[in-house]
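Residue numbers (the UniProt record's numbering): 1 to 617.
Have a look at the structure below before the remarks.
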């Protein structure tokens, strides 16, 4: 694998060995503040100095130790004697003497003899010296900091020499400074080599690679700049783009937006610059050089990632919830359809087995069309439509001219044991539609002048067909035995209700019923209410009145305004009384009753399955 060959200056941290857990800056921040765009502002002179294309040589090398020496601003006189005697230019092979000056401009070194050094080369060497010295000061014991460390990988045939390399023997961080016009293709190849051998590399553009868009700095310290093509390529590859100016030991972070929430991209027309003291930065073995700007960008990116992940999970949960709901709805719809089909079959069988059906066959040979006609609103009673039609006709119209009202109709249906629809509006529409059908057939007159008065016509259904059938029967009487006519009981002779079920018995003797009667002198209508169809109640082992009363007395009566409860609470309360209401169909029945109480203004639906007491209750 790759090995390190030291070819230039190297240094070991003088700190006690402690193992490499995290590399970080431990220096106390300097007093002069150059801070973020989110509060304290850049000083205009700091930004101008950072982007100044005129380079000052402020770094030298001590001939005795090989250590880099930095010349602070305003210290030219203090360092002059030492510089003339023991320091030299950091450019390799430059042996000319140097001195200091700094009265009219920033303190800097200058050569006593004429030399031909390119400004870019000097700035590049100064930036390396700056990063080298800083890295030595922040890494823990056991780490090595190198300049121009050759990295070889025999398997990959890679030979790279980063400007500054920091290693703990297992991991390596490279710091690369680019002042020249490094081509994007060359950068991609070099970065790919680092990636292949697992080296984290931070790229720092020289300050001359960045220019201001405007001459002034915004009031909040934000600085819009133009960036070289290389900077955009680095950002587009997912790396942070940094800028370095060794004169004042500053680094800058480039972002794609003014608030520093995104990296620079290849399509960004401009970038936003935020400058920092190098001592305010950190060195991390997995991320390289970390600045306050890169931290802000990474934090914003992570927050967006978490928000997107949370949104994705919410979407998945919602999709799952909808799928489960659709499955439950489909199962409920299938069971409901099967229940309705079974009930209709039972109702039809009850109609065909009834004495009234036999009476129709004996009287007319078949059930007349006027009684079997299907209405748009058939729900006056929970019975075969032809059954309750025949009940009404037999009791109030056949061989009768006595007027009657809707209350009489409901009474005769109830006397036969057929359950009436508790929805009064639908029951009224169904009855009136049937009576209008009879009126159109000439069997009934409807008087709406004083309420609704119904008067039978003077003739019955199929009077003429009945006489013809009587003649036919008379003609056949001589040759055939007389038919056995079944006894047709009148309504007053119909059997009474069936004996009460076990659930009805429990309700009759229950404490809930006694409490309601004690308070209201009866079972209130909102407790005795039944749904439009009764199939839901078949899935709760109690009469509707019983579990309605349990809900009212335990969750509504005496509770303060705003009291919240859910269907789960009701299921648990019913379970205490050994009433199982945990199935989806049972929960649907409970939900239907709660919605009825909502229509009566007892409750307000707070959430899907959660209700609260209404303010006016």
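Just so you know, even glycine gets a beta-carbon here, dropped at the ideal spot from N, CA and C.
query, result
"Cβ-heavy atom distance, residue 198 to the ligand HEM, below 7 Å", "Ligands displayed in this structure: none; no statement on the ligand HEM is therefore possible."
"Straight-line Cα distance separating residue 449 from residue 365", "38 Å"
"Residue 566: first and last residue of the uninterrupted beta strand (DSSP E) it sits in", "564–566"
"Residue 129 - DSSP class collapsed to helix/strand/coil", "helix"
"Three CB pairs or more closer than 8 Å across the region 385–399 and the region 408–423", "yes"
"Residue-level contact to chain D via CB, residue 519, 8 Å cutoff", "Annotation note: the requested chain D is absent from the structure, which comprises a single protein chain."
"Element boundaries [alpha helix (DSSP H), containing residue 56]", "Unbroken run through residue 56: none, as it is neither H nor E."
"Cβ-Cβ distance between residue 421 and residue 373 below 8 Å", "no"
"According to DSSP, residues forming a beta bridge with residue 643", "Because the chain spans 1 through 617 in this model, residue 643 falls outside it and cannot be assessed."
"Residue 181 in three-state terms, based on DSSP", "coil"
"Where residue 536 falls: helix, strand or coil (DSSP)", "Its pLDDT being 49, under 50, residue 536 is placed unreliably in this model, and the value from its coordinates should be taken loosely. Helix at residue 536."
"Same chain, Cβ closer than 6 Å to residue 240, five either side skipped, listed in chain order", "294"
"Presumed contact (8 Å Cβ cut-off) between residue 579 and residue 541, rounded CB distance", "6 Å"
"Any 3 or more C-beta pairs closer than 8 Å across the region 235–251 and the region 202–214", "yes"
"Own chain partners of residue 627 with C-beta closer than 7 Å, once the 5 adjacent residues on each side are dropped", "Only positions 1 to 617 of the chain appear in this structure, which leaves residue 627 out of reach."
"Range of the contiguous alpha helix (DSSP H) that encloses residue 360", "355–364"
"For residue 252: DSSP bridge partner residues", "243, 275"
"Residue range of the beta strand (DSSP E) that includes residue 598", "Residue 598 -> not in any beta strand (DSSP E); alpha helix (DSSP H) instead, spanning 584–599."
"For residue 145 and residue 60, the rounded distance between their alpha carbons", "19 Å"
"The region 247–259 contacting the region 290–307, beta-carbon criterion three pairs below 8 Å", "yes"
"Endpoints, the beta strand (DSSP E) within which residue 147 is located", "144–147"
"Where residue 129 falls, given that 16 or more other Cβ within 10 Å makes a residue buried", "buried"
"Distance, residue 556 Cα to residue 547 Cα", "13 Å"
"Cut-off 7 Å between Cβ atoms - residues of its own chain near residue 84, not counting five sequence neighbours on either side", "97, 99"
"With 16 other Cβ atoms within 10 Å as the buried cut-off, status of residue 248", "buried"
"Secondary structure of residue 529, DSSP reduced to three states", "coil"
"Residues bridged to residue 202 [DSSP beta-bridge criterion]", "175"
"Member of 48, 186, 378, 138 whose CA lies at the smallest distance from the CA of residue 433", "378"
"Straight-line Cα distance separating residue 236 from residue 267", "8 Å"
"Straight-line gap, residue 246 to residue 65 (C-alpha atoms, nearest Å)", "21 Å"
"Start-to-end residues for the alpha helix (DSSP H) that takes in residue 232", "229–236"
"Entirely enclosed alpha helix (DSSP H) segments - the region 392–431, minimum 4 residues", "406–415"
"Cβ pair residue 112, residue 211 closer than 8 Å", "no"
"From 104, 123, 514, residue whose alpha carbon lies closest to that of residue 56", "123"
"Simplified DSSP assignment, three categories, for residue 605", "strand"
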